[in-house]
Amino acid sequence: MIDILQLLVFGIVLGGIVALGAVGVSLLFGILRFAHFAHGDMMTLGAYLAFVFAGILGWPLPLGFALALVLTIAVALAIDRTIYRRLRRTAPVILLFSSFGIALILRSVIEMAFGPDTVVYDTAISTPWTVGGLRIKPDHVTILAGTAVLVAALHLFLRRTRTGKAMRAMADDPDLARVTGIDTERVIAWTWIIGGGLAAAAGMFLALDTRLVPTLGWHILLPVFAAAILGGIGNPYGAILGGLAIGIATELSTLFLPPVYKPAVAFVIIVAMLVWRPTGLIAGR
Amino acid sequence: MELPGLLSFLVFFATFAGIYAVFALGLNVQWGFSGQFNLGVHAFWAVGAYTSAILTTDPGGAHLGGFGLPMIAGLAAGILLSALLAVLIGLVTVNLRTDYLAIATIGIAEIVRLALKNEASLTNGVRGIPGIPKPFAELGGDAPALIFLAIVAAALALVFLAIETLRHAPWGRVQRALREDEAATLAAGKNVFRFRIESFVLGAAIMGLGGGLYAHFFAFVSPEAFDPLLTTFVVWVMLIAGGSGNNLGAVAGAFAVWAIWSGSGFLTELLPIELQTRAGSLRVLLIGVLLQIILLNRPNGLLPEQTPRSARD
Chain W
0 MIDILQLLVF
10 GIVLGGIVAL
20 GAVGVSLLFG
30 ILRFAHFAHG
40 DMMTLGAYLA
50 FVFAGILGWP
60 LPLGFALALV
70 LTIAVALAID
80 RTIYRRLRRT
90 APVILLFSSF
100 GIALILRSVI
110 EMAFGPDTVV
120 YDTAISTPWT
130 VGGLRIKPDH
140 VTILAGTAVL
150 VAALHLFLRR
160 TRTGKAMRAM
170 ADDPDLARVT
180 GIDTERVIAW
190 TWIIGGGLAA
200 AAGMFLALDT
210 RLVPTLGWHI
220 LLPVFAAAIL
230 GGIGNPYGAI
240 LGGLAIGIAT
250 ELSTLFLPPV
260 YKPAVAFVII
270 VAMLVWRPTG
280 LIAGR
Chain S
0 MELPGLLSFL
10 VFFATFAGIY
20 AVFALGLNVQ
30 WGFSGQFNLG
40 VHAFWAVGAY
50 TSAILTTDPG
60 GAHLGGFGLP
70 MIAGLAAGIL
80 LSALLAVLIG
90 LVTVNLRTDY
100 LAIATIGIAE
110 IVRLALKNEA
120 SLTNGVRGIP
130 GIPKPFAELG
140 GDAPALIFLA
150 IVAAALALVF
160 LAIETLRHAP
170 WGRVQRALRE
180 DEAATLAAGK
190 NVFRFRIESF
200 VLGAAIMGLG
210 GGLYAHFFAF
220 VSPEAFDPLL
230 TTFVVWVMLI
240 AGGSGNNLGA
250 VAGAFAVWAI
260 WSGSGFLTEL
270 LPIELQTRAG
280 SLRVLLIGVL
290 LQIILLNRPN
300 GLLPEQTPRS
310 ARD
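Line by line, the protein sequences are chains W and S.
The first sequence begins at 0 in numbering that gives the first Met the number 0 and counts up one residue at a time.
The second sequence begins at 0 in numbering that gives the first Met the number 0 and counts up one residue at a time.
Below you can see the structure in the form of structure tokens.
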């Protein structure tokens with residue numbers, strides 16, 4: 000029993016990270032109609048930028064995280080301006096392919112700058128707390144608290160601001176949103192700000208939880224897609240629940256599968272969802 | 000028979016580019032003809048390569064196989080197994096829209112890679128399978144390399160002629176119609192499901208052949224070789240650069256992109272030694288940037304698709 004609870008803790012931590020990535024993927028898919036394959040490598044970028052400030056320059060971790068978040072958003076906006084925006088009028092599949100290329104560009108730049116080896120934020124080893132037989136790392140608390148704050152901020156943005164409402168409208172039905180006079184370019188820019196920022200946070204949290212390698216984001220990309228599909232494309236709240244479900248399912252799978260096949264869990268969920276209920280568990284598209 | 004260095008490099012280059020061209024043609028059947036976005040080229044590549052490797056190596060390895068069969072049997076089995084995998088995948092994914100198909104295929108391909116890495120009794124795990132025979136290796140010198148080039152050229156020509164014929168046939172016309180407008184094709188009474196599966200499986204079979212050729216060319220396969228980057232992505236860039244839908248374009252794209260890739264290898268060798276370990280990343284960066292330039296400026300490729308005229312024009 001304690002094993003299952005322990006796996007649940009790991010699953011919720013992983014699920015929160017996946018959820019942060021999936022919100023961006025889901026909104027981008029809903030608004031721009033393409034699967035953003037560079038999302039994983041945007042997470043990696045955020046994680047390495049945080050490493051520059053917190054690891055190399057030795058600044059406090061929260062400051063490093065904040066700066067990395069802002070810089071990742073700037074990079075996301077720059078990529079959209081220089082490349083994606085010019086491809087928007089062509090078939091969405093060209094955008095998808097372009098984003099696959101962007102993913103490789105980001106990863107190769109990171110590899111050139113930092114090398115292929117593992118790096119960590121902090122050399123100090125944090126001892127886990129034991130709570131009723133459960134081992135909980137301080138990092139896990141940081142990650143969960145950070146995720147909760149970001150999700151709450153996202154919720155307020157989507158519900159209380161005009162831009163947030165416009166964004167939900169566009170993700171729900173882009174054509175209808177356009178004819179009601181929504182400034183689509185503005186909403187798209189804000190989608191990159193939200194998506195890029197949450198991706199950076201997800202990357203930093205993942206690096207905090209595991210270790211930082213250039214393929215960090217690539218390996219989490221399929222779970223992120225799975226979460227976005229599970230929650231219904233274009234539905235950010237669904238993406239959060241989808242992320243938690245994927246995280247928990249992935250960790251619990253080790254009860255009956257060899258751990259090397261953990262990444263396969265997300266994929267099985269993707270295929271099952273696409274075949275059985277392509278609109279997602281919560282009504283979406 | 001000894002060829003001078005440059006000539007022997009050209010033979011190597013042409014053989015490898017020819018193998019890539021086989022993959023580009025396979026992908027062209029799936030994407031160029033029929034509009035199915037397969038991001039799992041490396042799965043079929045790996046299945047073709049491993050099947051041939053297991054069947055043709057000598058017995059005695061720690062893994063399954065070592066049947067010592069001739070190369071032609073290995074290639075044929077690789078084609079068959081690759082097609083079989085495509086049928087299984089196709090039955091599940093055939094109705095998926097482009098983006099979902101891309102996600103599903105890359106997911107399946109990653110599972111294939113996980114299995115190759117971890118099912119050591121079948122594939123020898125991360126150590127890979129060495130000693131895959133090259134035909135006529137006993138002749139020595141440069142003769143085996145030249146013969147292998149001839150084999151690849153023959154395979155490429157065969158595939159090219161076959162699918163070029165299909166492209167002009169009614170089958171190719173239905174595939175194009177399906178790509179452009181599925182509802183209209185359905186309304187015209189075509190079995191959309193069957194035509195989709197057929198092009199997906201045909202493309203995968205061609206990739207299985209390419210995988211087999213690759214295994215015999217390098218005499219060694221390991222899971223590392225099937226990184227989605229150097230396989231699926233490069234083949235896609237080749238097809239887009241050459242002109243998807245156009246078979247000649249696919250072949251031209253394969254040779255052009257492979258020339259750029261090889262050329263960039265020479266350039267990075269000029270870098271200071273301490274930077275050379277990161278040269279691989281620089282080359283990937285170059286290909287990634289090249290792709291963006293092509294997509295922005297020549298989205299239809301070097302040789303855009305020429306739709307064949309129907310007989311009545």
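We treat Cβ as the ideally placed atom computed from N, Cα and C, and that holds for glycine.
- For I93 (chain W), the enclosing alpha helix (DSSP H) has its first and last residue at 91-113.
- In this chain, T126 (chain W) is not harboured by any alpha helix (DSSP H), its DSSP state being neither H nor E.
- Assigned with DSSP and collapsed to three states, R175 (chain S) falls in helix.
- Rounded to whole angstroms, the separation of the alpha carbons of A198 (chain W) and I228 (chain W) is 17 Å.
- With its beta carbon less than 8 Å from one in chain W, N117 (chain S) belongs to the interface.
- In chain order, V91, T92, A103, G106, I107 make up the part of chain S whose C-beta sits under 9 Å from the C-beta of V270 (chain W).
- For F12 (chain S), same chain residues with a beta-carbon under 8 Å away, outside a window of 5 residues either side, are W257, A258, S261 in chain order.
- Against G231 (chain W), chain S offers no close residue; the least beta-carbon distance is about 13 Å (beta-carbon pairs closer than 9 Å).
- DSSP places L133 (chain W) within a strand segment (E or B) once states are collapsed to three.
- Note: L211 (chain W) is bridge-paired with W:V118 in the DSSP secondary-structure output.
- Bounds of any alpha helix (DSSP H) do not take in D57 (chain S), whose DSSP letter is neither H nor E.
- Apart from sequence neighbours up to five positions away, the residues of its chain that approach A154 (chain S) with a beta-carbon distance below 7 Å are V21, L208, L212, ordered along the chain.
- Taking all protein chains in view, the Cβ of Q275 (chain S) is surrounded by fewer than 16 other Cβ atoms within 10 Å, so the residue is classified as exposed.
- For G39 (chain S) against I205 (chain S), the beta-carbon gap comes to about 14 Å, at or over 8 Å, which does not count as contact.
- Excluding residues up to 5 positions away in sequence, N37, L38, G39 lie with their Cβ nearer than 6 Å to the Cβ of T104 (chain S) in the same chain.
- Interface annotation for the region 234-265 of chain W against chain S: P257, V259, Y260, P262, A263, A265, criterion Cβ-Cβ distance under 8 Å.
- For K261 (chain W), the enclosing alpha helix (DSSP H) has its first and last residue at 261-275.
- Taking C-beta separations shorter than 8 Å and ignoring five residues to either side along the sequence, the partners of V86 (chain S) in its chain run I196, V200, following chain order.
- Taking 8 Å as the threshold, the shortest C-beta distance from R277 (chain S) to chain W falls below it.
- Separation of G231 (chain W) and R96 (chain S) (C-alpha to C-alpha, rounded to the nearest whole angstrom) is 15 Å.
- Interface flag for L295 (chain S) against chain W is set, since a Cβ pair is found closer than 8 Å.
- Under the Cβ distance rule, F99 (chain W) counts among the residues neighbouring chain S, one pair being separated by less than 8 Å.
- Taking every protein chain shown into account, the CB of A136 (chain S) has fewer than 16 other CB atoms within 10 angstroms, so this residue is exposed.
- Residues F50, G54, L211 of the same chain have their beta carbon placed closer than 7 Å to that of V118 (chain W), with the five preceding and five following residues left out of the count.
- CA-CA distance, L270 (chain S) to G279 (chain S), rounds to 12 Å.
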